[in-house]
Amino acid sequence: MLGKSFPDAHKTKIYREHVAKRHKLLLEICPALGYEVGIHNFKNYVLRGSDKYFERIRKGLQRIP
1 MLGKSFPDAH
11 KTKIYREHVA
21 KRHKLLLEIC
31 PALGYEVGIH
41 NFKNYVLRGS
51 DKYFERIRKG
61 LQRIP
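Those letters in the sequence shown? Residues 1 to 65, per the numbering used here, in order.
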């Protein structure tokens, strides 16, 4: 049989939508926790104990959906 049946096509569409949603969430989470911002603020807070770094961490975590 050439092509997919309707149920298979529907499952594929649902799967692709879930993948896209996960991708979008990862794009939002990574800057907040990842190498760009989160890691540096955490390291600076641990090393220096300054409240400004704690606030940056807190604000970054609030951006996570």
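Built from N, CA and C at the ideal position, the CB exists for glycine as well.
Handout entry: Close-in-space but distant-in-sequence residues of the same chain around residue 57 (CB under 8 Å, 5 per side omitted)
Key = So the qualifying residues of the chain are 38, 41, 42, 45.
Practice task
Alpha carbon to alpha carbon, how far is residue 60 from residue 29? Give it in angstroms, no decimals.
Solution key: Across the structure, residue 29 and residue 60 are spaced so that their CA atoms are roughly 9 Å apart.
Problem - Sequence-distant residues of its chain with Cβ nearer than 6 Å to residue 11 (five each side left out) - result: No residues qualify anywhere along the chain.
Problem - Spatial distance of residue 7 from residue 54 (CA atoms) - result: Distance from the CA of residue 7 to the CA of residue 54, rounded to the nearest whole angstrom, comes to 50 Å.
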